[in-house]
Amino acid sequence: MAEEISKKTQKVGFTETVLRDANQSLIATRLPFEKFEGILTTMDKAGYYSVECWGGATFDSCLRYLNEDPWERLRKIKKAMPNTKLQMLLRGQNVLGYKHYPDDFVKTFVDRSIANGIDIIRIFDALNDLRNIQVAVEQTVKSGGIASGAISYTQSPVHSLEGFAKISVEMKKMGVKSICIKDMAGVMSPKEAYDLVSAIKDKVDLPIVLHTHCTTGLAYMTVLKAVEAGAEVIDTATSCFSGGTSQPATETLAFALSQMGYGVDLDTKVIKQVNDFFKPVKEEYVKSGLLVPKVLSTDTDALNYKIPGGMLSNLIAQLKAQNAMDKFEEVLLETPRVREDLGYPPLVTPMSQMVGVQAVTNVLQGERYKIIGKEVKAYLRGEYGKAPGEVNAELKAKALGDEKEITCRFADTLEPAIDSAKAELGDRAESIEDVLSYIAFPQQAEAYFEAREEARSKRVKYTVTKCED
Ligand code: CO
């Protein structure tokens with residue numbers, strides 16, 4: 322009885338991911354603004370805790386494939402959804418890329434993201450090196466945004482419940498308003514979720530957010546057990562864009578959790594309208610072949626091999642390209658050994674690529690570390706931050722040669738980027754946002770600026786009166 326009453330007072334918030342993670346996981350982030358523009362005012366009435374709509378790969382994809390200004394997209398979403406908290410994903414000092422940037426760029430990027438419409442910034446570091454999220458967290462708070470600290474979830478002999486709880490305590494001190502457990506590979510089991518949420522709740526009085534993927538089929542159970550342990554917010558995707566490598570379904574979890582007595586603030590009619598809107602959008606991508614059945618199915622290999630699904634398909638693709646699938650078993654054995662040598666980094670971007678490529682190289686060369694990848698060298702030098710565990714000293718000595726190890730925060734060694742980028746761009750940059758796009762993705766931004774210029778010159782030719790749109 323006591324349990325029933327406490328459940329009734331426990332609210333569960335929903336972060337809808339269709340515009341970012343579901344889009345990124347299922348259709349390679351190719352959803353253009355005009356395909357979802359029509360549903361935004363409806364989504365604004367759903368009662369979501371937040372809508373994840375920016376950051377991650379959306380920024381790059383806008384410039385690279387969709388000929389869209391990502392900043393403009395954000396402003397338009399904000400205008401259509403004034404009552405909903407907009408959320409983005411930020412890779413700490415990597416911002417939206419794969420390498421560390423200087424602080425002037427990180428700070429300005431965070432500040433402009435909030436100025437253009439973002440309310441919540443979820444910030445993580447692939448190695449859980451908190452020095453790499455500090456600047457972004459502090460700037461978020463300073464610019465009036467809500468910082469959410471995300472833990473890159475992984476299992477290894479050097480990762481523990483206590484360790485993750487300690488990270489959460491440190492994050493709170495930095496100023497985050499919630500702790501997100503980020504299981505990007507969808508490998509977290511229901512038991513692990515229950516234990517981890519409980520361990521963090523024990524030490525930190527902040528809302529816990531659970532982020533997982535359906536890849537291995539565990540997600541619904543994992544979310545439920547996380548909620549039972551007290552998680553306040555869950556990431557879900559509208560049902561037609563759920564499952565497989567995406568998040569579990571919004572409507573399904575709203576239904577189940579409400580029935581169990583949890584407080585769910587979603588409007589059932591509205592979330593159905595949202596899904597009805599996206600159904601034909603999904604069908605288009607199925608027809609075009611961009612959405613393939615493989616990403617929608619359950620794949621338990623990641624559980625057997627302890628290697629995330631995305632990484633496993635990369636390994637297979639590399640071996641096939643080298644005509645060396647007969648070495649697959651060997652590579653599967655080598656991968657955890659490389660990870661151990663590197664001090665057990667979580668297998669997330671860019672670490673998963675690093676570990677995978679090195680394992681394949683080690684096997685195909687017939688000798689371990691005969692060739693050491695450029696990124697692995699940079700990692701061992703300290704350019705990505707501190708490894709979670711001890712790295713193999715012999716390997717480190719070999720990789721570094723005469724070069725010195727970086728023990729300080731790598732960003733402290735970087736020159737400021739904004740003024741020099743401004744100078745390079747001259748009047749091609751029309752705003753500080755343009756400069757930021759250019760620093761993040763120089764070639765893509767330049768191509769976009771050119772296309773924008775060209776489109777304008779055409780418009781001027783045929784338009785008599787000046788349009789304000
Ligand atoms: Co994700």
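Under the numbering used here, the sequence shown has 679 at position 358, and the numbering climbs by one with no breaks.
C-beta: ideal position from N, C-alpha, C; glycine also.
Straight-line Cα distance separating residue j from residue i
{"i": "I439", "j": "E605", "result": "29 Å"}
{"i": "E726", "j": "I628", "result": "29 Å"}
{"i": "G631", "j": "P391", "result": "26 Å"}
{"i": "R730", "j": "L384", "result": "30 Å"}
{"i": "K366", "j": "V372", "result": "12 Å"}
{"i": "G377", "j": "C501", "result": "15 Å"}
{"i": "T784", "j": "W375", "result": "Caution applies to T784, whose pLDDT of 41 falls short of 50 and renders its modelled position unreliable; the value that the coordinates give is listed next. The straight-line gap from Cα to Cα measures roughly 33 Å."}
{"i": "H421", "j": "M364", "result": "35 Å"}
{"i": "T461", "j": "Q594", "result": "33 Å"}
{"i": "Q476", "j": "T728", "result": "25 Å"}
{"i": "A638", "j": "E711", "result": "30 Å"}
{"i": "R773", "j": "G703", "result": "39 Å"}
{"i": "A540", "j": "N683", "result": "34 Å"}
{"i": "Q331", "j": "A680", "result": "46 Å"}
{"i": "L395", "j": "L347", "result": "21 Å"}
{"i": "F770", "j": "R749", "result": "7 Å"}
{"i": "L587", "j": "S741", "result": "47 Å"}
{"i": "L574", "j": "T336", "result": "12 Å"}
{"i": "V333", "j": "Q765", "result": "39 Å"}
{"i": "K695", "j": "K641", "result": "22 Å"}
{"i": "S579", "j": "Y370", "result": "15 Å"}
{"i": "K603", "j": "G496", "result": "39 Å"}
Cβ-heavy atom distance, residue i to the ligand CO, below 6 Å
{"i": "D342", "result": "yes"}
{"i": "M505", "result": "yes"}
Buried versus exposed call for residue i [16 or more other C-beta atoms within 10 Å across all chains shown]
{"i": "R341", "result": "buried"}
{"i": "K522", "result": "buried"}
{"i": "V613", "result": "exposed"}
{"i": "N625", "result": "exposed"}
{"i": "P569", "result": "buried"}
{"i": "Q414", "result": "buried"}
{"i": "S778", "result": "exposed"}
{"i": "Y386", "result": "exposed"}
{"i": "K503", "result": "buried"}
{"i": "T734", "result": "exposed"}
{"i": "G747", "result": "exposed"}
{"i": "E513", "result": "buried"}
{"i": "M675", "result": "buried"}
{"i": "M646", "result": "exposed"}
{"i": "A744", "result": "exposed"}
{"i": "I592", "result": "buried"}
{"i": "E775", "result": "exposed"}
{"i": "P423", "result": "buried"}
Residue i and residue j closer than 7 Å at C-beta
{"i": "L701", "j": "A732", "result": "no"}
{"i": "V490", "j": "V525", "result": "yes"}
{"i": "P511", "j": "K463", "result": "no"}
{"i": "T656", "j": "F599", "result": "no"}
{"i": "M505", "j": "V659", "result": "no"}
{"i": "V458", "j": "A471", "result": "no"}
{"i": "A401", "j": "T362", "result": "yes"}
{"i": "V518", "j": "G466", "result": "no"}
{"i": "E754", "j": "R433", "result": "yes"}
{"i": "Y509", "j": "T543", "result": "In the sequence as presented, Tyr is not what sits at residue 509; that position holds Met. Cβ distance < 7 Å, so M509 and T543 count as in contact."}
{"i": "M409", "j": "I442", "result": "yes"}
{"i": "E553", "j": "P528", "result": "yes"}
{"i": "P737", "j": "D425", "result": "yes"}
{"i": "T533", "j": "T566", "result": "no"}
{"i": "L617", "j": "G564", "result": "yes"}
{"i": "L716", "j": "Y690", "result": "yes"}
{"i": "N449", "j": "I488", "result": "yes"}
{"i": "P671", "j": "V479", "result": "no"}
{"i": "A761", "j": "L352", "result": "no"}
{"i": "P667", "j": "S481", "result": "no"}
{"i": "E798", "j": "F354", "result": "Here the chain comprises residues numbered 322 to 790, so residue 798 is not present and cannot be evaluated."}
{"i": "N596", "j": "D662", "result": "no"}
{"i": "F430", "j": "L685", "result": "no"}
{"i": "N635", "j": "G687", "result": "no"}
Residue i at chain D interface by Cβ criterion, 7 Å
{"i": "D723", "result": "The structure shown contains no chain D; it is built from a single protein chain."}
One or two residues paired with residue i in a DSSP bridge
{"i": "E373", "result": "Q408"}
{"i": "K503", "result": "S473, H532"}
{"i": "V810", "result": "The structure shown has nothing for residue 810, since the chain only spans 322 to 790."}
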